[in-house]
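> Take this structure, written in structure tokens, and hold onto it; I'll ask about it next.
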Amino acid sequence: MRFDIVTIFPEMVENGLAAGVVGRARQSGLLDIVVHNLRDFTIDRHRVVDDVPFGGGPGMVLKPEPLFAAVDEIRAQRGPADAVLMMSPAGRVFTQADARRLARLQHVVLLCGRYEGVDERVREQLASEEVSIGDYVLSGGELPALVIVDAVGRLVPGVVGDEQSVEADSFTRGLLDHPHYTRPAEYRGQRVPDVLLSGHHGEIRKWRRRQALKRTVERRPELLATAPLDDEERKWLRDFQRGGDEGSE
Ligand code: 4GX
52 MRFDIVTIFP
62 EMVENGLAAG
72 VVGRARQSGL
82 LDIVVHNLRD
92 FTIDRHRVVD
102 DVPFGGGPGM
112 VLKPEPLFAA
122 VDEIRAQRGP
132 ADAVLMMSPA
142 GRVFTQADAR
152 RLARLQHVVL
162 LCGRYEGVDE
172 RVREQLASEE
182 VSIGDYVLSG
192 GELPALVIVD
202 AVGRLVPGVV
212 GDEQSVEADS
222 FTRGLLDHPH
232 YTRPAEYRGQ
242 RVPDVLLSGH
252 HGEIRKWRRR
262 QALKRTVERR
272 PELLATAPLD
282 DEERKWLRDF
292 QRGGDEGSE
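Per the working numbering: the sequence shown = residues 52 to 300.
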């Protein structure tokens, strides 16, 4: 899969792409990611990318010309994009469903804004969608772009070595994850639940599904509206909602 990221801080984005599964997939060629310096697409001596807002007010606005020139160059050198994402707190909030949808595309361009914002003509004519990673204000679109490349890239077949771990992910099943334990079986007086040491794989699977459901009810009940539950899970859900699940861990 191909990604092009346009930013005024290419070194920040490169650093974020170097580590972990994304870094490895880049080296192996499974992910073809090019980071573009927006200033390379300016034509003035001082490589200016921003200007004052028409109508006045605080802060600066990213000028349209360098962004249009960058996307034109990406199209010419790297082929047409299936989606051009503009990182923005005014965008739709990015979810795992978006990650799945984007992972089916061949070529995604990500535009990282800075300052008070980006000239509206970029949103209207260059971006195919505006994406937010959550309701808080960042100082630029670079971290959101890294978040999206990570969430999408790891869904590309082969990027995460163990396909089963992607399948098992929280959100793939629409629920939060169950608790995880590793050795030692007792640590600082806290024992690992016996069922996990029992070797009884049917019981372990059941315990994990029940714990995932319990956590979701307690922490993110709104996820239950769309989570696909089987008959047994719906029964557990009624039990939790009635009596809390005291004792019956
Ligand atoms: N999820 N920011 C973008 C500049 C900006 C403002 C308006 C376009 C339109 C953010 C977020 C985020 C801060 C990145 C403002 N660009 N982006 N930047 N949350 O807060 O995506």
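Cβ atoms here follow ideal geometry from the backbone N, Cα and C, with glycine treated the same way.
Identify which residue in 62, 134 and 277 has its Cα closest to the Cα of residue 33.
Here the chain covers residues 52 to 300 and nothing more, so residue 33 does not appear.
> Sorted by chain position, which residues of the same chain lie with C-beta nearer than 8 Å to residue 227's C-beta, five sequence neighbours on each side aside?
Counting only Cβ-Cβ distances below 8 Å, and skipping sequence neighbours, we find 221, 263, 266, 267, 270, 271 and 274.
> Could you round the C-beta distance between residue 69 and residue 89 to whole angstroms and report it? I think they count as a contact, below 8 Å.
The pair is not a contact, with the Cβ atoms about 20 Å apart (cut-off 8 Å).
> Which value, in whole angstroms, describes the spacing of the CA atoms of residue 259 and residue 150?
25 Å
> Would residue 154 pass as a contact of residue 206 if the rule is Cβ separation under 7 Å?
Cβ atoms of residue 154 and residue 206: closer than 7 Å.
> Taking 7 Å as the threshold (C-beta atoms), are residue 164 and residue 192 in contact?
If you check the CB distance, residue 192 and residue 164 come in under 7 Å.
> Compute every distance between the C-beta of residue 138 and the non-hydrogen atoms of ligand 1, then say whether any falls below 6 Å.
Checking every heavy atom of ligand 1 against the Cβ of residue 138, one is found closer than 6 Å.
> Return the chain-ordered ranges of every beta strand (DSSP E) run that is complete within the region 91 to 164 and spans a minimum of 3 residues.
134 to 144 and 158 to 162
> Please classify residue 87 as buried or exposed, where buried requires at least 16 other C-beta atoms within 10 Å of its C-beta.
So residue 87 ends up on the buried side.
> In terms of alpha-carbon separation, which member of 195, 291 and 99 lies closest to residue 64?
195
> By DSSP, does residue 277 sit in helix, in strand, or in coil?
coil
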